[in-house]
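Chemist: Can you keep this structure in mind? I'll have questions shortly.
2 protein chains.
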Amino acid sequence: MVNNYSYQQLYNFSKNIFLKIGCCDANAATAAKVLLSADLRGVDSHGIARLTGYVRLWEVKRINANPAIQIVHETPSTAVIDGDKGLGLVVAPAAMQVAIDKARNVGTGWVSVKNSNHFGIAGYHAMMALDNDMIGIAMTNASALVAPTFSVERLLGTNPIAVAIPAGNELPFVADFATTTAANGKLEILQRKNLDTPGGWVQTKEGEPSNRADEVKNGGALLPLGGDKDHGSHKGYMLGSVVDIFSAILSGANYGPWVPPFPAYIPMPENLPGEGIGHFFGAMRIDAFRPAPDFKLHMDKWIQRFRSAKTIKTETKMIIPGDPEREMERERMNNGIPLLQAVVDDLAILGAKYNLRIE
Amino acid sequence: MVNNYSYQQLYNFSKNIFLKIGCCDANAATAAKVLLSADLRGVDSHGIARLTGYVRLWEVKRINANPAIQIVHETPSTAVIDGDKGLGLVVAPAAMQVAIDKARNVGTGWVSVKNSNHFGIAGYHAMMALDNDMIGIAMTNASALVAPTFSVERLLGTNPIAVAIPAGNELPFVADFATTTAANGKLEILQRKNLDTPGGWVQTKEGEPSNRADEVKNGGALLPLGGDKDHGSHKGYMLGSVVDIFSAILSGANYGPWVPPFPAYIPMPENLPGEGIGHFFGAMRIDAFRPAPDFKLHMDKWIQRFRSAKTIKTETKMIIPGDPEREMERERMNNGIPLLQAVVDDLAILGAKYNLRIE
Numbered sequence: 014m015v016n017n018y019s020y021q022q023l024y025n026f027s028k029n030i031f032l033k034i035g036c037c038d039a040n041a042a043t044a045a046k047v048l049l050s051a052d053l054r055g056v057d058s059h060g061i062a063r064l065t066g067y068v069r070l071w072e073v074k075r076i077n078a079n080p081a082i083q084i085v086h087e088t089p090s091t092a093v094i095d096g097d098k099g100l101g102l103v104v105a106p107a108a109m110q111v112a113i114d115k116a117r118n119v120g121t122g123w124v125s126v127k128n129s130n131h132f133g134i135a136g137y138h139a140m141m142a143l144d145n146d147m148i149g150i151a152m153t154n155a156s157a158l159v160a161p162t163f164s165v166e167r168l169l170g171t172n173p174i175a176v177a178i179p180a181g182n183e184l185p186f187v188a189d190f191a192t193t194t195a196a197n198g199k200l201e202i203l204q205r206k207n208l209d210t211p212g213g214w215v216q217t218k219e220g221e222p223s224n225r226a227d228e229v230k231n232g233g234a235l236l237p238l239g240g241d242k243d244h245g246s247h248k249g250y251m252l253g254s255v256v257d258i259f260s261a262i263l264s265g266a267n268y269g270p271w272v273p274p275f276p277a278y279i280p281m282p283e284n285l286p287g288e289g290i291g292h293f294f295g296a297m298r299i300d301a302f303r304p305a306p307d308f309k310l311h312m313d314k315w316i317q318r319f320r321s322a323k324t325i326k327t328e329t330k331m332i333i334p335g336d337p338e339r340e341m342e343r344e345r346m347n348n349g350i351p352l353l354q355a356v357v358d359d360l361a362i363l364g365a366k367y368n369l370r371i372e
Numbered sequence: 014m015v016n017n018y019s020y021q022q023l024y025n026f027s028k029n030i031f032l033k034i035g036c037c038d039a040n041a042a043t044a045a046k047v048l049l050s051a052d053l054r055g056v057d058s059h060g061i062a063r064l065t066g067y068v069r070l071w072e073v074k075r076i077n078a079n080p081a082i083q084i085v086h087e088t089p090s091t092a093v094i095d096g097d098k099g100l101g102l103v104v105a106p107a108a109m110q111v112a113i114d115k116a117r118n119v120g121t122g123w124v125s126v127k128n129s130n131h132f133g134i135a136g137y138h139a140m141m142a143l144d145n146d147m148i149g150i151a152m153t154n155a156s157a158l159v160a161p162t163f164s165v166e167r168l169l170g171t172n173p174i175a176v177a178i179p180a181g182n183e184l185p186f187v188a189d190f191a192t193t194t195a196a197n198g199k200l201e202i203l204q205r206k207n208l209d210t211p212g213g214w215v216q217t218k219e220g221e222p223s224n225r226a227d228e229v230k231n232g233g234a235l236l237p238l239g240g241d242k243d244h245g246s247h248k249g250y251m252l253g254s255v256v257d258i259f260s261a262i263l264s265g266a267n268y269g270p271w272v273p274p275f276p277a278y279i280p281m282p283e284n285l286p287g288e289g290i291g292h293f294f295g296a297m298r299i300d301a302f303r304p305a306p307d308f309k310l311h312m313d314k315w316i317q318r319f320r321s322a323k324t325i326k327t328e329t330k331m332i333i334p335g336d337p338e339r340e341m342e343r344e345r346m347n348n349g350i351p352l353l354q355a356v357v358d359d360l361a362i363l364g365a366k367y368n369l370r371i372e
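Protein chains in written order, with our numbering: chain Z, 14 to 372; chain W, 14 to 372.
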């Protein structure tokens with residue numbers, strides 16, 4: 014059975030749910046837009062499938078629908094923001110805007126955020142910089158599902174990094190990736206299809222190599238980008254660690270194994286060293302380095318050269334970072350967003366509770 | 014045969030060589046210190062083994078021994094520096110110092126550099142921030158040895174990233190890694206031992222998977238961190254690309270396949286779009302975010318938690334980024350730096366040419 018919905022249908026439903034839990038109109042609109050940007054770009058695990066999860070966090074009072082998002086410390090190029098337990102979907106764009114404003118003034122802006130929660134896809138926030146002729150950077154920590162190199166224990170989240178870079182005639186370069194070999198969403202797809210994972214994605218709860226897509230549910234762990242030491246997993250571990258430190262130790266959020274879990278039914282870690290989860294944002298004005306037209310000319314040349322590279326036999330075209338998500342966005346904006354039956358059922362229950370329907 | 018030399022012996026020889034090619038005393042000292050820091054930290058491929066290579070670049074006039082290193086554009090938090098074809102070993106610390114000075118004034122400093130060349134190990138430059146209670150970041154592009162995901166062609170360098178983060182009672186966190194599965198130096202070690210590489214390190218010149226340690230010499234390529242698409246090589250490709258763009262397109266250096274090669278005998282690429290190779294440096298003052306003592310307290314807690322994680326059966330201790338290099342530095346500072354016979358021979362020839370000996 015195909016469950017296909019238009020962007021507008023799902024946006025309206027999501028926005029109305031956020032209104033029902035008490036968000037103001039502007040925040041509900043922002044939250045719905047950020048959430049749905051994941052569905053449009055094909056990152057289904059971070060989109061409307063999580064809507065019920067956000068509501069559950071609000072129900073257990075771990076999300077504040079009307080946060081007083083505040084700068085608690087700043088310099089001309091930096092700020093720490095307290096998200097006041099607001100939806101990460103709302104806190105993150107506000108923090109990225111502060112980074113952009115600072116970049117306008119002094120060339121770059123860097124903002125570390127505490128007391129937030131899941132912010133949707135990192136790419137959305139990084140891309141806010143593009144219209145300002147700025148490079149945008151966004152990262153976040155997340156609850157611990159990843160075992161660093163040699164560790165049996167899960168100490169890091171999938172800790173994604175996004176970097177958005179403007180071009181001229183070409184479309185922008187947009188990198189957005191988890192610092193693990195594979196994002197959790199890819200494991201979920203394999204689980205539904207009852208397929209094994211390639212090597213280097215997961216390990217068992219004893220730390221043995223595994224190919225089971227449900228290993229994380231059994232107490233196992235995701236692996237850092239690289240998979241094992243021979244294949245550079247210490248580099249993925251270092252990247253995930255840098256994301257954790259910039260997001261949480263600079264700001265005062267929780268880090269490592271203490272990052273609060275997204276599912277409201279999982280108990281909170283004990284003896285928390287900080288507040289909520291942490292994010293980190295950066296904006297760099299292109300013309301703080303060189304005239305934007307010069308930069309864009311060379312960015313176009315870079316993209317054209319990489320796009321025209323000779324490919325290996327099994328492939329017909331090169332990927333420029335941002336291409337796959339843009340193609341998906343065009344396709345889904347035109348032809349609708351397909352939802353799994355389980356997601357449709359979940360949204361129906363949520364809608365019934367709040368007297369709303371997808372229509 | 015063991016060829017073991019003290020740090021001071023190799024430092025003196027290197028500094029004297031730099032003096033002979035016309036560097037001033039301060040620049041010769043800096044260049045020798047940066048170069049030898051690679052030998053001390055165990056990154057033998059980037060240390061004194063390259064000394065002859067730098068001299069050859071000077072001989073063919075691709076290195077200027079007395080550069081006028083200049084800021085060509087700046088804002089309160091950014092600068093572009095023209096390295097005037099100086100030794101990267103000298104240009105890079107000068108640029109990092111500008112980043113640190115800007116961070117002192119406005120919280121952070123970000124410097125992109127053009128018209129430079131090989132800068133030694135990235136970690137040295139990033140670590141300059143530590144004594145200033147700042148986080149340091151250093152990256153550089155390099156000549157193209159890496160085939161992006163799906164590409165047969167080599168379009169990126171090993172493009173390393175270093176991030177140095179101060180702690181309190183614990184030693185600093187220092188990540189320093191090539192954005193490939195394995196650095197070129199590791200391939201050289203396997204070649205000398207006549208051993209194969211693990212999968213995911215290299216491909217043939219037709220783009221087929223390979224385990225030959227000499228594949229790059231045969232026209233093959235290094236692979237981005239991840240190895241292949243199934244194992245996340247597009248993420249390594251994105252990281253290497255970001256390093257290339259920040260280092261060269263922000264500054265006006267060469268990028269992608271146009272980055273000048275280190276060996277002076279390899280012809281320069283044609284139709285260069287920029288000047289020299291590019292670097293990118295960042296410094297962030299800890300107390301531009303929160304009081305440094307608070308940050309360090311939590312950084313210590315982070316390090317202690319990760320260090321005490323339960324390890325997989327085959328390993329007895331966790332790695333904290335920076336540990337292996339520090340252990341090597343202590344060992345080599347106390348017991349000397351071992352050099353391969355080929356390196357000793359090479360340095361003897363160089364010394365004879367300039368009337369110098371290691372003594």
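Quick reminder that beta carbons are idealized off the backbone N, C-alpha and C, glycines included.
Rounding to the nearest angstrom, what Cα-Cα distance links residue 88 (chain W) and residue 119 (chain Z) in this structure?
Modeler: 6 angstroms
Chemist: Identify the continuous alpha helix (DSSP H) that holds residue 205 (chain Z) and give its terminal residues.
Modeler: 197 to 206 is the span of the alpha helix (DSSP H), which, as asked, contains residue 205 (chain Z).
Chemist: Return the residue from the list Z:135, Z:81, Z:132, Z:147 that minimises the CA-CA distance to residue 112 (chain Z).
Modeler: Z:147
Chemist: Using 8 angstroms as the limit for Cβ to Cβ distance, is residue 218 (chain W) near chain Z?
Modeler: no
Chemist: Helix, strand or coil for residue 346 (chain W), going by three-state DSSP, please let me know.
Modeler: helix
Chemist: Quick check on the burial criterion: 16 or more other C-beta atoms within 10 angstroms. Buried or exposed for residue 365 (chain Z)?
Modeler: exposed
Chemist: Rounded to whole angstroms, what's the CA-CA distance from residue 58 (chain W) to residue 356 (chain W)? Just pull it up for me.
Modeler: 11 angstroms
Chemist: At a Cβ threshold of 8 angstroms, is residue 125 (chain Z) touching chain W?
Modeler: yes
Chemist: In chain W, which residues lie with their C-beta within 7 angstroms of the C-beta of residue 121 (chain Z)?
Modeler: 90, 91, 121, 123
Chemist: Measuring CA to CA, which of Z:237, Z:317, Z:223, Z:299 is closest to residue 145 (chain Z)?
Modeler: Out of Z:237, Z:317, Z:223, Z:299, the CA that lies nearest to the CA of residue 145 (chain Z) is found in Z:299.
Chemist: Here's the rule I'm using: 16 or more other beta-carbon atoms within 10 Å means buried, otherwise exposed. How should residue 304 (chain W) be labelled?
Modeler: Label assigned to residue 304 (chain W): exposed.
Chemist: Under 8 angstroms: do the stretch 45 to 58 of chain W and the stretch 326 to 345 of chain W share three or more Cβ pairs, one atom per stretch?
Modeler: yes
Chemist: For residue 84 (chain W), which residues does DSSP report across the bridge?
Modeler: W:94
Chemist: Residues of the stretch 221 to 238 of chain W in Cβ contact with chain Z at a cutoff of 8 angstroms, in chain order, please.
Modeler: Of all residues in the stretch 221 to 238 of chain W, 221, 238 have a Cβ within less than 8 angstroms of some Cβ in chain Z.
Chemist: Does the Cβ-Cβ distance between residue 289 (chain W) and residue 98 (chain W) come in under 8 angstroms?
Modeler: yes
Chemist: Should residue 156 (chain Z) be labelled buried (16 or more other beta-carbon atoms within 10 Å of its own) or exposed?
Modeler: So residue 156 (chain Z) counts as buried.
Chemist: Under 8 angstroms by Cβ, that's how I've got residue 214 (chain W) and residue 297 (chain Z) pegged, so tell me the actual separation to the nearest angstrom.
Modeler: So it is not a contact: roughly 33 angstroms between Cβ atoms.
Chemist: Can you name, in chain order, every residue of its own chain whose Cβ lies under 6 angstroms from the Cβ of residue 92 (chain Z), other than the five neighbours on each side?
Modeler: 84, 111, 124
Chemist: What separation, rounded to the nearest whole angstrom, lies between the Cα atoms of residue 158 (chain Z) and residue 367 (chain Z)?
Modeler: 32 angstroms
Chemist: Can you find a CB in chain Z that lies within less than 8 angstroms of the CB of residue 104 (chain W)?
Modeler: Proximity of residue 104 (chain W) to chain Z, defined by a Cβ-Cβ separation below 8 angstroms, is not satisfied.
Chemist: For the putative contact between residue 175 (chain Z) and residue 136 (chain Z), defined by C-beta atoms under 8 angstroms, what is the C-beta separation to the nearest angstrom?
Modeler: Contact flag correct, Cβ pair sits at about 4 angstroms.
Chemist: For the 8 angstroms Cβ check, are there 3 or more pairs between the stretch 176 to 187 of chain Z and the stretch 305 to 317 of chain Z?
Modeler: yes
Chemist: Could you tell me whether the Cβ atoms of residue 292 (chain Z) and residue 68 (chain Z) are closer together than 8 angstroms?
Modeler: no
Chemist: When you compare the CB positions of residue 191 (chain W) and residue 208 (chain W), do they come within less than 8 angstroms of one another, or not?
Modeler: no
Chemist: Identify each residue in the stretch 249 to 276 of chain W for which the Cβ-Cβ distance to at least one residue of chain Z is less than 9 angstroms, and report them in chain order.
Modeler: 249, 250, 251, 252, 254, 255, 257, 258, 259, 261, 262, 263, 264, 265, 268, 269, 270, 271
Chemist: In the DSSP assignment, what are the bridge partners of residue 17 (chain Z)?
Modeler: Z:351
Chemist: Thinking C-alpha only, which one of Z:343, Z:362, Z:369, Z:354 is nearest residue 20 (chain Z)?
Modeler: Z:343
Chemist: How long is the line joining the alpha carbons of residue 352 (chain W) and residue 23 (chain W), rounded to whole angstroms?
Modeler: 10 angstroms
Chemist: Using the Cα positions of residue 32 (chain Z) and residue 61 (chain Z), report the straight-line distance between them to the nearest angstrom.
Modeler: 15 angstroms
Chemist: Whole angstroms are fine: how far does the CA of residue 18 (chain W) sit from the CA of residue 90 (chain Z)?
Modeler: 46 angstroms
Chemist: Using DSSP with H/G/I as helix, E/B as strand and the rest coil, what is residue 122 (chain Z)?
Modeler: In this structure, residue 122 (chain Z) counts as strand in the three-state DSSP scheme.
Chemist: Alpha carbon to alpha carbon, how far is residue 295 (chain Z) from residue 247 (chain W)? Give it in angstroms, no decimals.
Modeler: The alpha-carbon atoms of residue 247 (chain W) and residue 295 (chain Z) are separated by roughly 22 angstroms.
Chemist: So if I threshold CB-CB distances at 8 angstroms, which residues from the stretch 322 to 355 of chain Z count as touching chain W?
Modeler: Considering only beta carbons, the part of the stretch 322 to 355 of chain Z lying closer than 8 angstroms to chain W consists of 322, 323, 324, 325, 326, 328, 330, 331, 332, 334, in chain order.
Chemist: Could you say which of Z:242, Z:107, Z:320 lies nearest to residue 139 (chain Z) if we only look at CA atoms?
Modeler: Minimum Cα distance to residue 139 (chain Z) is reached at Z:107.
Chemist: With a threshold of 16 other CB atoms inside 10 Å of the CB of residue 347 (chain W), please say whether the residue is buried or exposed.
Modeler: exposed
Chemist: Mind checking the stretch 306 to 319 of chain W against chain Z and listing, in chain order, the residues whose C-beta falls within less than 8 angstroms of any C-beta there?
Modeler: 307, 308, 311, 312, 314, 315, 318, 319
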